[in-house]
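Chains as they are written, first to last, in the numbering used here: chain A, 1 to 369; chain B, 1 to 289.
Note that CB positions come from ideal geometry on N, CA and C, so glycine has one too.
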Amino acid sequence: MGNIIELHGLRKTFKGKVRAVDDVSLNIREGEFVTLLGPSGCGKTTTLRVIGGFEEPDSGRVVLDGQDVTDLPPYHRPVNLVFQDFALFPHMSVAQNVGYGLRIAGLGKSEIAERVSASLRMVDLSEKAGNRPSELSNGQKQRVALARALIRRPKVLLLDEPLSALDLKLREAMQVELKHLHEKLGITFVMVTHDQTEALVMSDRIVVMSNGKIIQDGTPADLYDRPATPYVANFIGSSNLLAGEVREVQGGTLVGQVGGQRIRAARNGLALEVGAAITVCIRPEKIQLVAPGASAPTGFSTVSGVVDEHFFHGNAVRMAVTLSGGVTCLVDLRLDSALRQSSLPEAGSSVTLAVDPANVIVFAARGSA
Amino acid sequence: MRQSQRRRLAMFGVVSGPLLWMIAFLFIPYAVMFAYSFYSRQFPAIIPDFQAGNYLTLVTDPQYYQVLLRTLKIAVLVSLAALVIAYPLTYYLVFKIKSVRLRSVLYIAVIVPLWVSYLLRAYTWKTILGSEGVLNSFLIWTGIIDEPASIFLYSQFAMVIVLTYIYIPFLVMPVYTALEKIPRNLIEASKDLGVGHWQTFLKITLPLSVPGILAGMTFTFCLTMGDFVAPFLVGGPDGLMIANVVQVQFGTAFNWPLGSALSIVMLVIVLAIITASDRFERAGRLDLG
Numbered sequence: 001m002g003n004i005i006e007l008h009g010l011r012k013t014f015k016g017k018v019r020a021v022d023d024v025s026l027n028i029r030e031g032e033f034v035t036l037l038g039p040s041g042c043g044k045t046t047t048l049r050v051i052g053g054f055e056e057p058d059s060g061r062v063v064l065d066g067q068d069v070t071d072l073p074p075y076h077r078p079v080n081l082v083f084q085d086f087a088l089f090p091h092m093s094v095a096q097n098v099g100y101g102l103r104i105a106g107l108g109k110s111e112i113a114e115r116v117s118a119s120l121r122m123v124d125l126s127e128k129a130g131n132r133p134s135e136l137s138n139g140q141k142q143r144v145a146l147a148r149a150l151i152r153r154p155k156v157l158l159l160d161e162p163l164s165a166l167d168l169k170l171r172e173a174m175q176v177e178l179k180h181l182h183e184k185l186g187i188t189f190v191m192v193t194h195d196q197t198e199a200l201v202m203s204d205r206i207v208v209m210s211n212g213k214i215i216q217d218g219t220p221a222d223l224y225d226r227p228a229t230p231y232v233a234n235f236i237g238s239s240n241l242l243a244g245e246v247r248e249v250q251g252g253t254l255v256g257q258v259g260g261q262r263i264r265a266a267r268n269g270l271a272l273e274v275g276a277a278i279t280v281c282i283r284p285e286k287i288q289l290v291a292p293g294a295s296a297p298t299g300f301s302t303v304s305g306v307v308d309e310h311f312f313h314g315n316a317v318r319m320a321v322t323l324s325g326g327v328t329c330l331v332d333l334r335l336d337s338a339l340r341q342s343s344l345p346e347a348g349s350s351v352t353l354a355v356d357p358a359n360v361i362v363f364a365a366r367g368s369a
Numbered sequence: 001m002r003q004s005q006r007r008r009l010a011m012f013g014v015v016s017g018p019l020l021w022m023i024a025f026l027f028i029p030y031a032v033m034f035a036y037s038f039y040s041r042q043f044p045a046i047i048p049d050f051q052a053g054n055y056l057t058l059v060t061d062p063q064y065y066q067v068l069l070r071t072l073k074i075a076v077l078v079s080l081a082a083l084v085i086a087y088p089l090t091y092y093l094v095f096k097i098k099s100v101r102l103r104s105v106l107y108i109a110v111i112v113p114l115w116v117s118y119l120l121r122a123y124t125w126k127t128i129l130g131s132e133g134v135l136n137s138f139l140i141w142t143g144i145i146d147e148p149a150s151i152f153l154y155s156q157f158a159m160v161i162v163l164t165y166i167y168i169p170f171l172v173m174p175v176y177t178a179l180e181k182i183p184r185n186l187i188e189a190s191k192d193l194g195v196g197h198w199q200t201f202l203k204i205t206l207p208l209s210v211p212g213i214l215a216g217m218t219f220t221f222c223l224t225m226g227d228f229v230a231p232f233l234v235g236g237p238d239g240l241m242i243a244n245v246v247q248v249q250f251g252t253a254f255n256w257p258l259g260s261a262l263s264i265v266m267l268v269i270v271l272a273i274i275t276a277s278d279r280f281e282r283a284g285r286l287d288l289g
């Protein structure tokens, strides 16, 4: 399938501020669910608003469905935006809100009525058609905003932090619902969020942004398992980021010295020489606890340390372990049928941890040669 | 004493001051005036009475009801003229001026004339509209007219101009507040849904600013209703307004009962306008959160 959106070298600087969007180029294929992810101020919302036509880029082009729309106002673009705080018209009923665009476009009354009721059925709000937005809950407002944005059958639906105004339970339900809606409609969704869980659950592809630039672009699994930088590793999921240096290079693997202990890692194609400074990233759930007396699985690196603290998460326990070099490392242990909390090593006791070299990600430390 | 009793007593203490003030300076005078409106006058005395003759005079004697109708007409004209000038100005201030500082400077520039004496501002218009005034001099200079026109000053036209000028800030203030309260993303949402600038204004911005328009027009209408300075300074022989007539009844004519009846009629009109506009505003009041 072709690209529905092409962004070419977008730049946008706000008056008297730093560059909000700095040379962003991105292709989005038809039917994809793409999420722009990053902390506030990273340029994700500005990028979305440029696609929608609400901000004019200083330079760069926006191509929608093969047509250069950079100079077109929002009302001439085949996209619709779901606003962060819904932006429902307070002086109109739910049905009037949803039918607003069609009404101004001059469609016939019966066609509008038909499409409005179909839209409201789609978001399961038929019985609220006559209500004012102020009489709805946030979750219902969200659905109205969705119905209103989708009724014009846009080629792309833009979503600006669509779930941020909802409480946790509702947010989780809406994540699934939005994903289903995307599958059902088959149109392209572009969402902006700062919530990495949301991005991982919903997206086909995640674009991580920081300081106006794209840092990494890949599937959720890509980003989680092969983060391109420590920034991405830290932003998506939790990570142990440990500073160290290269001790040995043997073919596809290298041995790093981290906090006084040796850890083997896959090389990841990095051309690192012995003595180079590195940052080692290990996901807490990829670390295993080696039972006293037992030996670690073959090929695994082992490190020893002392348990500091336990944090109980219900289905898992997070353990903070101080490695013998002095650095602290988080270890997540699933409390499944084989492991009970009472059988965990107590705070203060010595433990041996093991990790598969394939699960150790190595970055060249910034500033080193 | 029980706590609830004590609280009620404290409450009474807090409320009693303003309440007494209102009774002494508002309700009692109104009651006295209301009573006077039924008195009769047998020159040179005013005799306590209960008869509707004064009100009857107001509706049968053309010189009174015509003044009343003229006053209403001028109040409507002034409110509309002030709206037509103030709304675009305020819209421009709120939506087109991006610099916050410049916006507040311009806003204050609109409000600042309120600090200048009303009399002075009204008087200034004499020098603009008069036969030796700025307007005539300009028209003669451009050759549009040969000799000074006297139609500008001392006419209902002059009164509408002066009152409009004076009351524009009273419209700008509430309209400014109303426009500023409209979330910008509603306007963006409208454009996102395929609606252009002009339709967005008609369907979103204008309806959401109606409470401000109503409040502003109520101000200008009621203030014009009670004005007696503009007719005095720039109004012509046909420029008398209801407040001037009231003034005469209480002054030289020494007909307090008729003056009271006129005042009561004015009061009823103004209260009706305020109540109606309040109703509308309440009905249209929206959660813009």
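- Look at GLU273 of chain A here: in three-state DSSP terms it is coil, with no helix or strand label.
- Around TYR39 of chain B, the same chain offers ILE46, PRO48, ASP49 and PRO257 as residues with beta carbons nearer than 6 Å, after the five sequence neighbours per side are excluded.
- In this structure, the CA atom of LYS109 of chain A is about 12 Å from the CA atom of SER117 of chain A.
- At a cut-off of 7 Å between C-beta atoms, ASP238 of chain B does not count as an interface residue with respect to chain A.
- Closer than 8 Å at the C-beta level to chain A, one finds these residues of the region 203-220 of chain B: LYS203, ILE204, PRO207 and LEU208.
- Listed along chain A, the residues sitting closer than 7 Å to LEU186 of chain B by beta-carbon distance are ALA87 and PHE89.
- Listed by position along chain B, the residues whose Cβ is nearer than 7 Å to that of ALA105 of chain A are GLY194.
- Across the set B:ASN185, B:VAL14, B:LEU68 and B:ALA149, the C-alpha of B:ASN185 shows the shortest separation from the C-alpha of ASP85 of chain A.
- Straight-line spacing of the CA atoms in LEU262 of chain B and GLU55 of chain A works out to 59 Å.
- Segment contact: the region 213-221 of chain B against the region 170-177 of chain B, three or more CB-CB distances shorter than 8 Å; contact assigned.
- Residues of chain A whose Cβ lies closer than 7 Å to the Cβ of ALA189 of chain B are, in chain order, PHE83 and ALA87.
- Distance between VAL249 of chain A and MET202 of chain A, taken at the CA atoms: about 39 Å.
- Within the DSSP secondary-structure output, HIS76 of chain A pairs in no beta bridge.
- Residue burial annotation: THR164 of chain B is buried, with at least 16 other C-beta atoms found within 10 angstroms of its C-beta.
- Within chain A, the residues whose beta carbon sits less than 8 Å from that of GLN199 of chain B are ILE104, listed in sequence order.
- In this structure the region 350-366 of chain A lies against the region 295-308 of chain A, because at least three pairs of beta carbons, one per stretch, are closer than 8 Å.
- For PHE189 of chain A, no CB of chain B lies under 7 Å from its own CB, so it is not counted at the interface with that chain.
- Proximity of PHE14 of chain A to chain B, defined by a Cβ-Cβ separation below 7 Å, is not satisfied.
- Between ILE278 of chain A and GLY244 of chain A the beta-carbon gap is near 6 Å, inside 8 Å, which marks them as a contact.
- In the DSSP assignment, ASN240 of chain A forms a beta bridge with A:ILE282.
- Remark: C-beta atoms of GLY194 of chain B and ALA105 of chain A approach each other more closely than 7 Å.
- Looking at the DSSP output, CYS329 of chain A sits in a beta bridge with A:VAL321.
- Using a CB distance cut-off of 7 Å, ASN80 of chain A counts as an interface residue toward chain B.
- The shortest C-alpha to C-alpha distance from TRP125 of chain B to any of B:ALA158, B:LYS203, B:LYS96 and B:VAL59 is the one to B:ALA158.
- Taking a beta-carbon distance threshold of 7 Å, PRO74 of chain A counts as an interface residue toward chain B.
- Beta-bridge annotation (DSSP): GLU248 of chain A is paired with A:VAL255.
- Membership of MET92 of chain A in any alpha helix (DSSP H) is not indicated, and neither H nor E is assigned to it by DSSP.
- For PHE235 of chain A, the enclosing alpha helix (DSSP H) has its first and last residue at 230-235.
- With respect to chain B, the C-beta atom of PHE311 of chain A has no partner C-beta closer than 7 Å.
- Rounded to the nearest whole angstrom, the C-alpha separation of LEU88 of chain A and LEU102 of chain A is 15 Å.
- Among the residues of chain B, none has a CB under 7 Å from the CB of PHE300 of chain A; the nearest is roughly 53 Å distant.
- The shortest CA-to-CA distance from CYS222 of chain B to any of B:PRO237, B:PRO207, B:MET241 and B:THR57 is the one to B:MET241.
- The region 147-226 of chain A contains, as complete alpha helix (DSSP H) runs of 4+ residues, the segments 168-185, 196-202 and 220-225 (chain order).
- In this structure the region 111-129 of chain B does not touch the region 261-278 of chain B; the number of beta carbon pairs closer than 8 Å is below three.
- Between GLY99 of chain A and chain B, the shortest Cβ-Cβ separation is not below 7 Å.
- Using a CB distance below 7 Å, the part of the region 35-65 of chain A facing chain B consists of GLY52 and PHE54, ordered along the chain.
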